[in-house]
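Numbering-wise (our numbering), the sequence shown opens with residue 300 and increments by one. Think of the CB as a built atom: it goes at the ideal place given N, C-alpha and C, for glycine as much as any other residue. Keep in mind the model is a prediction, meaning the values are calculated, not measured. Before any comments, here is the structure.
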Amino acid sequence: MRTRVLLFFLGFMFFVSGTLATMAAGADKKQITIGTWGTGDASYFLAGAISRILNAKVPQVNSVVIPASTVKNTVGFENGEILMGWTQSEALHFAPKGEGGGPFKKGEIYKKGRVLLYLSPSPMHAVVLDKSKIKKITDIGKNTRIAVFSPASLSTAQVPLRYHGVKDGQYKLQYLDKTAQCEALKDGNLDVMFQSGNLPMTAVQQVAREVKIRILHWDPELIKKAVRENTNFVMRVIPKDTYGVGTPERDILSMGTLITLGASADLDEKIAYDIVKAILENVNDIVAVHADGKLFTAVNTQYWIDQLVEQFPFHPGAKRYLKEKGVKFRD
């Protein structure tokens, strides 16, 4: 009897000591929240793939993914609640200045956003039902019900709209997440949904499977002019048949901000180095989730460093790793 009690006690103590050791090891890990552009956006799935890579390949990190937005991620970089996340060139331009512009109000100053990797242009889609009477961008009027995801999305849509003669407020505006936009469009409660992000757009793919849609064409010459005069924007083609045969029926030259995997300046330099290293060494796991995963490369980041008029600050840890991979910075 005494032997059994002793064995039980020793076994219990072994279990407790093992549990405490595991908890201690978990406590030593850096908790990293990765902010995305919502559950209906490709960023959510791409970030999920990144999170799995980090949790498997970077021993000192435990990461989780949350739905957020450009503004929420920018604020999170500042207060430490979000250490990694999706951001974009317009936000990186306006956030530190405090003068207003883009999705930020005058007096709002956020200086801790840093670049880990440049990803891709986020072409603005103007999506209508195939049966809609709206045939072109200039058909948008005061009674047109449009929806965007967030203030950052509105700011991105307003730039090309202005160049097409559609004034700010010349429509009935709603803020809806991307999945809700699709439901409202299908149900006839919305005329045009404006969405931008990684191509192809996950929510647009979903609605195109369920109803016949059209993507309105931008005037190529006006898009080129808009990008020349708004240097935080870049062009990208939405290829023919991206969302099924005939959707769109031909290539569309669009524009948008440059999607960027960002981080807070407060993220530890060694951890930032290890994060970028793990991502670039396991990019096939990201490509398996979404086609834009192929853009998580040093070569792609180099391309945008060379192309962008304005240079945004890289996180020192990311910069150190990218330099080792041959990336040349302009500073």
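For residue i, three-class secondary structure by DSSP
i, result
"A425", "strand"
"F376", "helix"
"A562", "strand"
"S350", "helix"
"A451", "helix"
"V465", "coil"
"T556", "strand"
"L472", "strand"
"T437", "helix"
"K332", "In the sequence as displayed, the identity of residue 332 is Thr instead of Lys. Three-state DSSP puts T332 in a strand."
"T369", "helix"
"I381", "coil"
"V626", "coil"
"V633", "Given that the chain is displayed from residue 300 to residue 630, the structure contains no residue 633 and the question cannot be resolved."
"V533", "strand"
Residue span of the alpha helix (DSSP H) that contains residue i, given as start and end
i, result
"P612", "Careful: P612 lies outside any alpha helix (DSSP H) and carries neither H nor E."
"Q601", "A597 to Q606"
"I574", "E568 to E580"
"K523", "P519 to E528"
"F393", "S388 to F393"
"R549", "That residue, R549, is in no alpha helix (DSSP H); it is neither H nor E in DSSP."
"V506", "T501 to E509"
"L594", "No alpha helix (DSSP H) holds L594; DSSP gives it neither H nor E."
Whole-Å CB distance - residue i paired with residue j, under 8 Å assumed
i, j, result
"V357", "I574", "6 Å"
"A564", "G616", "With a Cβ gap of about 11 Å, A564 and G616 do not count as contacting."
"P420", "V588", "19 Å between Cβ atoms; not a contact."
"V491", "I439", "7 Å"
Residue i classed as buried or exposed, judged by whether at least 16 other C-beta atoms fall within 10 angstroms
i, result
"Y602", "exposed"
"K618", "buried"
"G406", "exposed"
"E520", "exposed"
"E398", "exposed"
Endpoints, the beta strand (DSSP E) within which residue i is located
i, result
"E398", "E398 to G400"
"R413", "G412 to P420"
"T338", "From DSSP, T338 is part of no beta strand (DSSP E); its letter is neither H nor E."
"S362", "V360 to I365"
"K405", "F403 to K405"
Closer than 6 Å: residue i CB and nearest the ligand PLP heavy atom
i, result
"I512", "Absence of the ligand PLP is noted for the structure shown, with no ligands found whatsoever."
Does the region 362 to 376 come close enough to the region 333 to 340 to have 3 or more Cβ pairs within less than 8 Å? yes
Between the region 477 to 488 and the region 544 to 552, are three or more C-beta pairs nearer than 8 Å? no
Evaluate the contact criterion for the region 462 to 471 versus the region 387 to 396: three or more CB pairs, one atom per stretch, below 8 Å. no
Three or more C-beta pairs under 8 Å: does that hold for the region 421 to 428 against the region 496 to 509? yes
Three or more C-beta pairs closer than 8 Å, one from the region 522 to 537 and one from the region 341 to 350: is that the case here? no
Touch test, the region 427 to 434 against the region 505 to 515, Cβ-Cβ under 8 Å, three pairs minimum: yes
Closer than 8 Å is the cut-off here; do at least three beta carbon pairs connect the region 575 to 584 with the region 595 to 612? yes
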